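Residue numbers (this note's numbering), protein chains in the order written: chain A, 1301 to 1416; chain B, 20 to 132.
1) Thinking C-alpha only, which one of B:32, B:51 and B:46 is nearest residue 100 (chain B)?
2) For residue 1307 (chain A), which of A:1377, A:1406 and A:1343 has the nearest alpha-carbon?
3) Just how far apart, CA to CA, sit residue 1408 (chain A) and residue 69 (chain B)?
4) Going by Cα to Cα distance, which pick from A:1379, A:1375, A:1397 and A:1326 is closest to residue 1352 (chain A)?
5) Give me the chain B residues within the contact set of residue 1372 (chain A), using Cβ-Cβ distance strictly less than 8 Å, ordered along the chain.
6) Tell me residue 81 (chain B)'s beta-bridge partners as DSSP assigns them.
7) For the segment 96-112 of chain B, which residues have a CB atom closer than 7 Å to at least one CB atom of chain A, in sequence order?
8) For residue 124 (chain B), which residues in chain A fall below 7 Å Cβ to Cβ?
9) Beta carbons nearer than 9 Å to chain B: which residues of the segment 1342-1359 of chain A have them?
10) Would you say residue 1391 (chain A) lies against chain B (beta-carbon separation less than 8 Å)?
11) Output, in chain order, the set of chain A residues within a Cβ distance shorter than 7 Å of residue 65 (chain B).
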């Protein structure tokens, strides 16, 4: 257990439905990341928060995707009008604020999404 | 952004030393190199991080040549429980850097008895 928790661990939904994932990072970590991983592939960067500010967004994050981190604590990732291509593991990670090096990313166990 | 490639798979036997390479030809000046281990249905776990030359911790060593266009993760005396996918991650934070941390393609290490 890394201390980063994600909920739900598994989600099965029908195409067109909205889904929301939650990530609770390690409490003293001000950096939070979302990645997406499909079977047999490495994690792909989606977005990054420093405290409550969303500082980076990948082009992979279409307008159907939105992420928030109110008050710089937990974060949510919402996918609207899901498509079958959204089926993947959604990983959340957190880290301390370190100068230069990005330090160690602590990953949660992931939320697996299956879109039927 | 750095394009990062790794061998798809490697085989080894228990007790052997394993060296896994990662190619990152477009690495930027501020980028660090980190290696992660991932088991099925789990998130990646940190192994080691470095910027240049050699770094060693209790589980692995990381070798980075002077041009920093590649790196090698060295696992001494592997065991069956080291069977996993290994990823290198390249990127930097702050100081105007991109903040995007890019994973390599991953190497599946299979350790046999």
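Glycine included, C-beta positions come from ideal geometry on N, C-alpha and C.
Source: prediction; values computed, not measured.
Reading from the atomic positions:
1) B:32
2) A:1377
3) 23 Å
4) A:1375
5) Simply none; closest approach about 16 Å.
6) B:74 and B:92
7) 106, 110, 111 and 112
8) 1342
9) 1342, 1343, 1344, 1345, 1348, 1350, 1355, 1356 and 1358
10) yes
11) 1404 and 1405
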